[in-house]
Structures are given as structure tokens and as C-alpha cells.
Amino acid sequence: GGGGYYLDMMNLGDITLPDLHILVICKRLGAMAHVGGSHAVAVMVGVDAIHDVEGLSSSGVDFELDIGIKIGSILKSAGKLAKLLNAVIKAVGKAAQQEAGKKFAQGVMGDLSLDNRGRGFYMISTPAGAGLGGGVWYEWQEVVPLGGRKAWDKAPPKWKFESKNGKVRVMMENVPEQDDCKIGVQFRIGEWGQDPRIKWKSIYGGNFFVSEFMGIVHQHELYEHKGYGVRGEKGIPISEEQPIGTYKHGIGTMKNYNTVHKNTHLDIGVNVLKDSQVFWESKRYARVTTDANGRFTSIPTVANWLD
């Protein structure tokens, strides 16, 4: 009965303004609660910046009672609104999308008599495989800005290790962040009780160590961060990095351990950090193989996406 969409909201008044990336959390009602989703088009009014989005919601029950019957019959017909919606989906390029979107928004606001006073959010969803005329469902919808803890709690990413030519990368998709946001990735070893986090060799030597590796987000996927905002390949490479031990955080303390796990298999979990604070922890672990130096060299099982 739950679902969600990442939406790129385009300003129809000024094409030069950046798109607004949002997460819409849905609770479906009725017979279509567990049907997979396909196209979704939304109209938002009274929103000028990302902070205006917080707290926006719409009720599926009100939607059904108010305009649900009308929207169902309109989309099933070959009428004006259905054609406008098709034009939005087929438009290529931002200018074309903006023009098609403007016509559709005007049609929605007019034909459905939606209120454009103050802030408002209206989303039309259709079931996968059914096409635009196949029906609509009714949802309770909440709009959540990307990048906050609520977005990470409601729509956490998927992750996995990938191994190719003796090199291991950590991959991540569905990252609930805006494009070009930088996040840190930390690795921990699955153990009873508190998982120890891996320390990695620092170029500065001595007591210095690396606890996280920086990545950069693009279209909700994690990429290697080359520095100065430059994006590398998908995923963060980890095989060349040298573990030098582990550590655990206590209340106001940190315990260091010098054991390096060599020539073995480890169950590894990941943490995501923002501004050096843990923002999200994976629930599941992936197994990796280490070499004589403790470096990650391969994954012994098929790589599946994990939460």
C-alpha cells in the first residue's frame, strides 16, 4: 500500500530557474493499493523555493471525493487533458517540456477546478503497463524535500559491492539527495554488539587515518568524487585503500584496534555521513574477500541490491 516518486519540478514561469527535486511519499487506497506505478505528473502552486515544500500534503480521500471521478473519466477519454498529458511525457528538451507542462497545468487547473490560492499540490498517477487510459488510484501524498533526515528515513537508498578485474566498488542508487551533493561513505564490520568501523591508511601517516570516502550524487546515484565537484565513475573504488585497523565510538570516547583482517571473508555494512555525522546506516551486510594485506579484492557471491 505504500509507494513513492522522485519528481523533478520545473518552474513554468521562468525556464532559467533550477528544477526543484522532491520526494513524494504515497499511501494508496482501495483496490489499486499494491499495483506498480508508471507515469506520474504533478502540479504544484504557491511554491517558490525548496523550504516552501515542507509540510505540503494532499489527501487521497479528498482527492477521490472532489476530483477523482472526473480525472478518471478524463484520462480514459481521448479528450484535451489526456492529449496534453501525453505531450508532457513525450516532450524532449527542457524548453519543450516547459511549454507542454504549462499547457497541461493550465488544463488541470481549469478543467478540474483546482484551487490555486496559496500553496497546493496535485499529483496524477497511473498504473504500470496500463497506459494513460488504464485508470488512476487515490493516494494520501506528502511532499518531502530531498536531503533531509525525513527523506533518508522514508526512502533510503539501495547499495551493493561490485567486483570487476580484481577491483571492488561500492555502488548506491535511489539516493535521496539533490544533484552534486557530496556524501561520505563509511564501512563497518558486522559483529555481535556494536560494529567496529574500518580505519584506512592516510597519506599523512602517524596517528592519522581515513574514516570515510567522499562520493558525489547525480540523478540519485553515487559517483566517485574527484575533488572540486568533479564527478568520476559510478561507485566509490575501495580495493586500492589499505585498512589499518578498526575503531568504536563510546560516550565521549573512541577505542582503537590495530587488527587487520587478512585472507578472509568479512560481512560489511555501510554508513552514509553528511558533515561528518552519520545520516543513515545499512540494515544488511555484503560479504567481501580480503587479501594478504587486508584489502578488499572480490565479492564471493552474486551482488544484489541491499537496504
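Residue numbers for the sequence shown follow this note's numbering, beginning at 2 and rising by one. Virtual Cβ for every residue (Gly too), placed ideally from N, Cα, C. No experiment lies behind these values; they were computed from the predicted model shown.
Task: Boundaries of the alpha helix (DSSP H) in which D154 is found, first to last residue - done: On the sequence shown, position 153 is the one that residue 154 refers to. 150-155 is the span of the alpha helix (DSSP H), which, as asked, contains D154.
Open item on the list: Just checking S212 against the ligand SAM - is the residue's beta carbon closer than 7 Å to any of the ligand's heavy atoms?
Closed with: Absence of the ligand SAM from the depicted structure is noted, as is the absence of any ligand whatsoever, leaving it without description.
Task: Three-state class that DSSP yields for L18 in the structure shown - done: As a position in the sequence shown, residue 18 is number 17, starting the count at 1. DSSP places L18 in coil when its eight states are reduced to three.
Open item on the list: Check for me: the beta strand (DSSP E) holding F214 runs from which residue to which?
Closed with: On the sequence shown, residue 214 is found 213 positions in, with the first residue counted as 1. 214-219 is the extent of the beta strand (DSSP E) around F214.
Open item on the list: Based on DSSP bridge pairs, tell me the residues matched to W201.
Closed with: One-based indexing of the sequence shown puts residue 201 at position 200. Per the DSSP secondary-structure output, W201 pairs in a beta bridge with V211, P244.
Open item on the list: Mapping the DSSP letters down to three states, classify K284 as helix, strand or coil.
Closed with: Residue mapping note: residue 284 aligns to position 283 of the sequence shown, counting from 1. The answer is coil: DSSP assigns K284 none of H, G, I, E or B.
Task: Pick from R232, W306, N272, Q187 that is closest to V211, judged by C-alpha positions - done: If you number the sequence shown from 1, residue 211 lands on position 210. Ranking R232, W306, N272, Q187 by Cα distance to V211 puts Q187 first.
Open item on the list: Across the stretch 85-99 and the stretch 168-183, are there enough close Cβ pairs to call them in contact, namely three or more that are closer than 8 Å?
Closed with: Look at the beta carbons and you see the stretch 85-99 not touching the stretch 168-183: under three pairs across the two are nearer than 8 Å.
- [ ] Please say whether S164 and S283 have beta carbons closer to each other than 8 Å?
- [x] Reading the sequence shown from its first residue, position 282 is the one you call residue 283. Reading the sequence shown from its first residue, position 163 is the one you call residue 164. Result no, Cβ atoms of S283 and S164 do not sit closer than 8 Å.
TODO: Might you give, ordered along the chain, the residues of its own chain that have their beta carbon closer than 6 Å to the beta carbon of G230, omitting 5 neighbours on each side?
DONE: Along the sequence shown, read from residue 1 onward, the residue named residue 230 stands at position 229. Here the set comprises nothing.
- [ ] Please state if the CB of Y7 and the CB of L18 are separated by a distance shorter than 8 Å.
- [x] In the sequence shown, counting from the first residue as 1, residue 18 sits at position 17. In the sequence shown, counting from the first residue as 1, residue 7 sits at position 6. In this structure, Y7 does not lie closer than 8 Å to L18 by Cβ.
- [ ] With DSSP as the reference, label K235 as helix, strand or coil.
- [x] Taking the first residue of the sequence shown as position 1, residue 235 is located at position 234. DSSP places K235 within a strand segment (E or B) once states are collapsed to three.
Open item on the list: Below 8 Å on the Cβ atoms is my contact criterion, and I expect N259 with T291 to pass it. Report the Cβ-Cβ distance as a whole number of Å.
Closed with: For this step, residue 259 is matched to residue 258 along the sequence shown. For this step, residue 291 is matched to residue 290 along the sequence shown. In fact, because the Cβ distance is near 16 Å, the residues do not count as touching under 8 Å.
Task: Exposure label - I204; buried when at least 16 CB within 10 Å - done: The residue labelled residue 204 in the question sits at position 203 within the sequence shown. Burial check for I204: the Cβ neighbour count within 10 Å stays below 16, so the residue is exposed.
Task: Chain-order list of residues whose beta-carbon lies under 8 Å from that of K227 (same chain, five-residue window excluded) - done: The sequence position of residue 227 within the sequence shown is 226, counting from 1. So the qualifying residues of the chain are G233.
Task: Cβ-Cβ distance between D268 and G191 below 8 Å - done: Numbered from its first residue, the sequence shown carries residue 268 at position 267. Numbered from its first residue, the sequence shown carries residue 191 at position 190. Yes. Within cutoff.
Task: K151 versus E143 - alpha carbon distance - done: As a position in the sequence shown, residue 151 is number 150, starting the count at 1. As a position in the sequence shown, residue 143 is number 142, starting the count at 1. Going from the Cα of K151 to the Cα of E143 covers about 11 Å.
Open item on the list: By alpha-carbon positions, which one of Q99, D181, F122, F280 ends up nearest to E222?
Closed with: To locate residue 222, count along the sequence shown from 1; it is residue 221. When C-alpha distances from E222 are compared across Q99, D181, F122, F280, the shortest belongs to D181.
- [ ] Please report the Cβ distance between W306 and K161, rounded to the nearest whole angstrom; I am assuming they are in contact, meaning their Cβ atoms lie under 8 Å.
- [x] By one-based count along the sequence shown, residue 306 stands at place 305. By one-based count along the sequence shown, residue 161 stands at place 160. Taking the Cβ atoms as the reference, W306 lies roughly 5 Å from K161, within the contact range of under 8 Å.
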